[in-house]
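Notes follow the structure.
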Amino acid sequence: MAIIARRTPSRRRMMSEINVVPYIDVMLVLVVILMVSAPFVNPSLVELPSMGKSARAPDAPIEIVVKADGQLLLRDRAPGGNSSALPGQVRIEELTDLLQQRLKQHPDTPVVISGDKNVRYESVTKVMDALYKAHVQRVGLAVKPAS
15 MAIIARRTPS
25 RRRMMSEINV
35 VPYIDVMLVL
45 VVILMVSAPF
55 VNPSLVELPS
65 MGKSARAPDA
75 PIEIVVKADG
85 QLLLRDRAPG
95 GNSSALPGQV
105 RIEELTDLLQ
115 QRLKQHPDTP
125 VVISGDKNVR
135 YESVTKVMDA
145 LYKAHVQRVG
155 LAVKPAS
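Residue numbers for the sequence shown follow this note's numbering, beginning at 15 and rising by one.
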(Lines of atoms letter the chains of each structure in order from A; the text may use other names.)
(Lines give C-alpha, C1' and ligand atoms only; values in the text may rest on other atoms or scores of the structure.)
Protein backbone atom coordinates (compact mmCIF):
# COMPACT_ATOMS: atom_id res chain seq x y z
CA MET A 15 0.00 0.00 0.00
CA ALA A 16 1.18 3.30 -0.85
CA ILE A 17 1.60 5.79 1.80
CA ILE A 18 -0.11 8.92 0.98
CA ALA A 19 1.65 11.81 2.41
CA ARG A 20 -0.74 14.31 3.62
CA ARG A 21 0.35 17.76 3.67
CA THR A 22 -0.74 19.64 6.65
CA PRO A 23 -1.85 23.08 5.75
CA SER A 24 0.69 25.57 6.95
CA ARG A 25 -0.80 28.16 9.10
CA ARG A 26 0.40 31.55 8.30
CA ARG A 27 0.94 33.82 11.21
CA MET A 28 0.01 37.41 11.03
CA MET A 29 2.88 39.79 11.52
CA SER A 30 2.25 41.78 14.65
CA GLU A 31 5.30 44.02 14.42
CA ILE A 32 5.41 47.47 12.87
CA ASN A 33 8.56 48.36 11.09
CA VAL A 34 9.56 51.76 12.56
CA VAL A 35 12.77 52.22 10.60
CA PRO A 36 11.08 54.25 7.82
CA TYR A 37 9.50 56.54 10.42
CA ILE A 38 12.85 57.12 12.07
CA ASP A 39 14.38 57.95 8.69
CA VAL A 40 11.66 60.51 7.97
CA MET A 41 12.05 62.11 11.40
CA LEU A 42 15.83 62.43 11.01
CA VAL A 43 15.37 64.10 7.63
CA LEU A 44 12.88 66.55 9.19
CA VAL A 45 15.30 67.35 12.04
CA VAL A 46 18.08 68.07 9.56
CA ILE A 47 15.79 70.31 7.49
CA LEU A 48 14.69 72.26 10.58
CA MET A 49 18.27 72.68 11.80
CA VAL A 50 19.40 73.98 8.42
CA SER A 51 16.45 76.38 7.99
CA ALA A 52 16.41 77.75 11.58
CA PRO A 53 19.16 80.38 11.10
CA PHE A 54 17.28 81.89 8.15
CA VAL A 55 14.10 82.56 10.11
CA ASN A 56 13.97 86.07 11.58
CA PRO A 57 12.49 86.11 15.06
CA SER A 58 9.77 88.68 15.50
CA LEU A 59 11.18 91.28 17.82
CA VAL A 60 9.07 93.84 19.59
CA GLU A 61 10.17 97.33 18.79
CA LEU A 62 9.64 99.42 21.90
CA PRO A 63 8.97 103.12 21.51
CA SER A 64 11.74 105.43 22.57
CA MET A 65 11.22 107.89 25.36
CA GLY A 66 11.66 111.52 24.51
CA LYS A 67 13.32 113.98 26.81
CA SER A 68 11.13 115.49 29.45
CA ALA A 69 10.25 119.12 28.96
CA ARG A 70 10.92 119.84 32.62
CA ALA A 71 12.47 118.22 35.63
CA PRO A 72 10.13 116.28 37.92
CA ASP A 73 8.66 118.28 40.76
CA ALA A 74 10.42 117.99 44.09
CA PRO A 75 7.96 116.92 46.76
CA ILE A 76 6.99 118.43 50.06
CA GLU A 77 7.79 115.80 52.66
CA ILE A 78 5.69 115.34 55.77
CA VAL A 79 7.59 113.32 58.37
CA VAL A 80 5.45 111.62 61.00
CA LYS A 81 7.59 110.70 63.99
CA ALA A 82 6.89 107.76 66.28
CA ASP A 83 5.47 110.08 68.95
CA GLY A 84 3.08 111.69 66.41
CA GLN A 85 5.01 114.94 65.82
CA LEU A 86 4.92 116.31 62.28
CA LEU A 87 7.80 117.89 60.38
CA LEU A 88 7.47 119.65 57.02
CA ARG A 89 10.38 119.61 54.57
CA ASP A 90 10.61 121.20 51.15
CA ARG A 91 12.67 118.89 48.91
CA ALA A 92 12.99 121.32 46.00
CA PRO A 93 16.64 121.92 45.01
CA GLY A 94 16.27 125.67 45.44
CA GLY A 95 13.30 125.24 47.71
CA ASN A 96 12.44 127.98 50.12
CA SER A 97 12.77 126.08 53.37
CA SER A 98 11.84 129.17 55.33
CA ALA A 99 8.43 129.20 53.62
CA LEU A 100 7.54 125.97 55.41
CA PRO A 101 7.97 125.73 59.16
CA GLY A 102 9.80 122.69 60.47
CA GLN A 103 7.51 121.33 63.15
CA VAL A 104 3.75 121.78 62.71
CA ARG A 105 0.55 120.67 64.35
CA ILE A 106 -2.03 118.67 62.46
CA GLU A 107 -4.50 121.58 62.72
CA GLU A 108 -2.09 123.91 60.86
CA LEU A 109 -1.21 121.42 58.14
CA THR A 110 -4.21 122.03 55.87
CA ASP A 111 -3.76 125.82 55.80
CA LEU A 112 -0.01 125.59 55.20
CA LEU A 113 -0.44 123.18 52.30
CA GLN A 114 -3.22 125.25 50.74
CA GLN A 115 -0.96 128.32 50.79
CA ARG A 116 1.88 126.35 49.21
CA LEU A 117 -0.36 124.78 46.56
CA LYS A 118 -1.67 128.19 45.48
CA GLN A 119 1.82 128.96 44.20
CA HIS A 120 2.61 125.47 42.83
CA PRO A 121 -0.60 123.42 42.41
CA ASP A 122 1.13 120.30 41.01
CA THR A 123 3.57 119.89 43.87
CA PRO A 124 3.59 116.29 45.12
CA VAL A 125 3.44 115.52 48.83
CA VAL A 126 5.23 112.51 50.31
CA ILE A 127 4.37 111.12 53.74
CA SER A 128 7.31 109.53 55.55
CA GLY A 129 6.08 107.70 58.60
CA ASP A 130 8.23 106.05 61.24
CA LYS A 131 7.69 102.30 61.30
CA ASN A 132 6.54 102.53 64.92
CA VAL A 133 4.04 105.35 64.33
CA ARG A 134 0.39 104.73 65.06
CA TYR A 135 -1.70 104.23 61.96
CA GLU A 136 -4.13 106.86 63.24
CA SER A 137 -1.46 109.59 62.95
CA VAL A 138 -0.85 108.79 59.29
CA THR A 139 -4.58 108.75 58.50
CA LYS A 140 -4.97 112.18 60.13
CA VAL A 141 -2.23 113.51 57.86
CA MET A 142 -3.91 111.94 54.82
CA ASP A 143 -7.22 113.51 55.87
CA ALA A 144 -5.53 116.93 56.12
CA LEU A 145 -4.08 116.42 52.62
CA TYR A 146 -7.54 115.56 51.31
CA LYS A 147 -8.99 118.73 52.87
CA ALA A 148 -6.16 120.77 51.29
CA HIS A 149 -7.08 119.28 47.87
CA VAL A 150 -3.63 117.78 47.32
CA GLN A 151 -3.75 115.79 44.09
CA ARG A 152 -0.41 113.98 44.21
CA VAL A 153 0.21 112.05 47.43
CA GLY A 154 2.79 109.34 48.01
CA LEU A 155 4.02 107.20 50.88
CA ALA A 156 7.76 106.82 51.38
CA VAL A 157 9.01 103.33 52.19
CA LYS A 158 12.42 101.83 52.72
CA PRO A 159 13.31 99.25 50.06
CA ALA A 160 13.64 95.69 51.31
CA SER A 161 17.22 94.53 51.39
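Beta carbons are placed, not taken as given, at the ideal position from N, Cα and C, and that holds for glycine.
Note that the structure is predicted; figures quoted are calculated from it, not measured.
Cross-strand partners of residue i (DSSP beta bridge)
i: residue 128; result: 79
i: residue 155; result: 127
DSSP-derived helix/strand/coil call for residue i
i: residue 105; result: coil
i: residue 122; result: coil
i: residue 150; result: coil
i: residue 90; result: strand
i: residue 47; result: helix
i: residue 64; result: coil
i: residue 31; result: coil
i: residue 143; result: helix
i: residue 115; result: helix
Residue i versus residue j - alpha carbon distance
i: residue 105; j: residue 139; result: 14 angstroms
i: residue 149; j: residue 120; result: 13 angstroms
i: residue 52; j: residue 36; result: 24 angstroms
i: residue 49; j: residue 55; result: 11 angstroms
i: residue 124; j: residue 90; result: 10 angstroms
i: residue 117; j: residue 146; result: 13 angstroms
i: residue 43; j: residue 33; result: 17 angstroms
Residues near residue i by beta carbon distance below 7 angstroms, same chain, minus five either side
i: residue 159; result: none
*Can you find at least 3 beta carbon pairs, one from the region 75-85 and one from the region 129-139, that sit closer than 8 angstroms?*
yes
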